[in-house]
Amino acid sequence: LGERLQMDGPPPVCQVQCPAHEVRFDSTGVILSPGYPEHYPNLQMCSWLINVEKGYNITLHFELFETEKEFDFLEIFDGPNIYSQSLSTLSGYIETPFNLTTSGHQLLIRWTSDHGTNHRGFHIRYVAMY
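Numbered as in full-length UniProt numbering, the sequence shown ends at 130 without a single skipped number.
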């Protein structure tokens, strides 16, 4: 238990140019809001699908989370699509660090921002855990 898949070198940085959908197969990585560390743009919708080796779970380590409360939000699904069970919907200023862990080897993250106020967004590290 507690075994991790290892990669050589620094973890990859994932910065999607919205609108887009990015699929990741790496056992570890970083997901950033568009434009991070600057404020994210308005009217964004993008998503990341993380798919690691079967038998592993995915742990998200949130290092920063600052969005416009109730209007800009990050949805996290415990599976490959929006019909999978919701792990969490995050919005506003959330004290970090904190972690979320999936029940399986797939995870969908969906980011949405509206036309109004924007903030720094989010910085998330993920790792596959056995």
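The C-beta atom is built at its ideal place from N, Cα and C for all residues, glycine as well.
Check whether residue i and residue j have beta carbons under 8 Å apart
{"i": "M129", "j": "Y56", "result": "yes"}
{"i": "P97", "j": "E66", "result": "no"}
{"i": "K54", "j": "H105", "result": "yes"}
Simplified DSSP state of residue i, which is helix, strand or coil
{"i": "T59", "result": "strand"}
{"i": "L32", "result": "strand"}
{"i": "T89", "result": "strand"}
{"i": "residue 137", "result": "This structure leaves residue 137 out entirely; the chain is present only between 1 and 130."}
Close-in-space but distant-in-sequence residues of the same chain around residue i (CB under 6 Å, 5 per side omitted)
{"i": "W111", "result": "C46 and L74"}
{"i": "L60", "result": "L100, I124 and Y126"}
Spatial neighbours of residue i in its chain, beta-carbon cut-off 7 Å, leaving aside the 5 residues before and after
{"i": "S84", "result": "F77, D78 and L108"}
{"i": "C18", "result": "P34, Q44, M45 and C46"}
Inset, instruction - Kindly confirm or deny that the stretch 88-97 and the stretch 40-55 touch, where touching means at least three C-beta pairs closer than 8 Å. - result: no
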